[in-house]
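Have a look at the structure below, then the notes.
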Amino acid sequence: AKKSFIVPSAAMTIHPVRLNGMVIGVPQTFKYFERIQDRIVKFVTANSKISEKKFLELMLNTGELASDVGTVIDGKQAVEYGLIDELGGLSDALSALHAMIDDYKSGKNRNESRMASDSERTEIKESKEKNADKVKAARTKKSSSKSGSGKKRTGAVALVSTDEDGD
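For the sequence shown, the tail end lands on 256 under my numbering, and the numbers increase by one without skipping.
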């Protein structure tokens, strides 16, 4: 995903790979679980800003969950650790998606991964900053129109992503 959002009240449990039921207690089974967990750790750290060391620390924490291993974090902590990009709800995710679509339609960021020159990188950076400004403006507009409504955000996570074809 190019951008991820989480509401402050959301809860995320980070725990090691586990299995219930009958397991054959041989070294090969342990190695298999180790490989699965390694793939998950690499995926999460490659697609977020959290370090492998910090993610493993949260995953293998023995002091938080009673008779279990892992950590439960809320939305704010997920952003602080770098697992999620920013706090926000579905409306924030939709605003970001609309900004990405607008940029795609105007021809910006289509071949971002293939561009190499400094001027192209500068143009991409400026475009991203413009997107961030659009999202902030939309968020400010929505929050000012909803002030006093008493509505609370739900515990949802929204991921926004487009590939080179805009899908």
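Quick reminder that beta carbons are idealized off the backbone N, C-alpha and C, glycines included. Fair warning: this is a prediction, and the values are worked out from it, not measured in the lab.
Using only alpha-carbon positions, find the residue among the options that is nearest to residue i.
{"i": "Asn150", "options": "Phe144, Gly159 and Lys142", "result": "Gly159"}
{"i": "Lys91", "options": "Asp174, Lys225, Ser216 and Tyr193", "result": "Asp174"}
{"i": "Arg124", "options": "Ser140, Asn136, Arg107 and Ile139", "result": "Arg107"}
{"i": "Asp157", "options": "His104, Val133 and Val96", "result": "His104"}
{"i": "Ala68", "options": "Ala185, Ala135 and Gly196", "result": "There is simply no residue 68 to check, as the chain begins at 90 and stops at 256 in what is shown."}
{"i": "Ala99", "options": "Arg128, Lys165 and Lys138", "result": "Lys165"}
{"i": "Ser137", "options": "Met189, Lys194, Ala188 and Phe94", "result": "Phe94"}
{"i": "Asp192", "options": "Ser216, Ala155 and Val115", "result": "Ser216"}
{"i": "Ala221", "options": "Lys194, Leu183 and Gly196", "result": "Leu183"}
Assuming residue i and residue j make a contact with CB atoms under 8 Å, what is their CB distance in whole Å?
{"i": "Val168", "j": "Leu176", "result": "6 Å"}
{"i": "Ile162", "j": "Met111", "result": "With a Cβ gap of about 32 Å, Ile162 and Met111 do not count as contacting."}
{"i": "Tyr170", "j": "Lys143", "result": "6 Å"}
{"i": "Ile139", "j": "Leu172", "result": "5 Å"}
{"i": "Lys223", "j": "Ala188", "result": "4 Å"}
Check for me: the alpha helix (DSSP H) holding residue i runs from which residue to which?
{"i": "Ser195", "result": "Element bounds for Ser195: n/a, residue is neither H nor E."}
{"i": "Val161", "result": "Val161 -> not in any alpha helix (DSSP H); beta strand (DSSP E) instead, spanning Thr160 to Asp163."}
{"i": "Met148", "result": "Glu141 to Met148"}
What is the residue span of the beta strand (DSSP E) that residue i lies within?
{"i": "Lys92", "result": "Lys92 to Ile95"}
{"i": "Ile113", "result": "Run containing Ile113: none; DSSP gives neither H nor E here."}
{"i": "Ile103", "result": "Ala100 to Ile103"}
Exercise. Assess, as a yes-or-no matter, whether the segment 179–196 is touched by the segment 138–149 under the definition of 3 or more beta carbon pairs within less than 8 Å.
Key: Output reads no: the segment 179–196 does not touch the segment 138–149.
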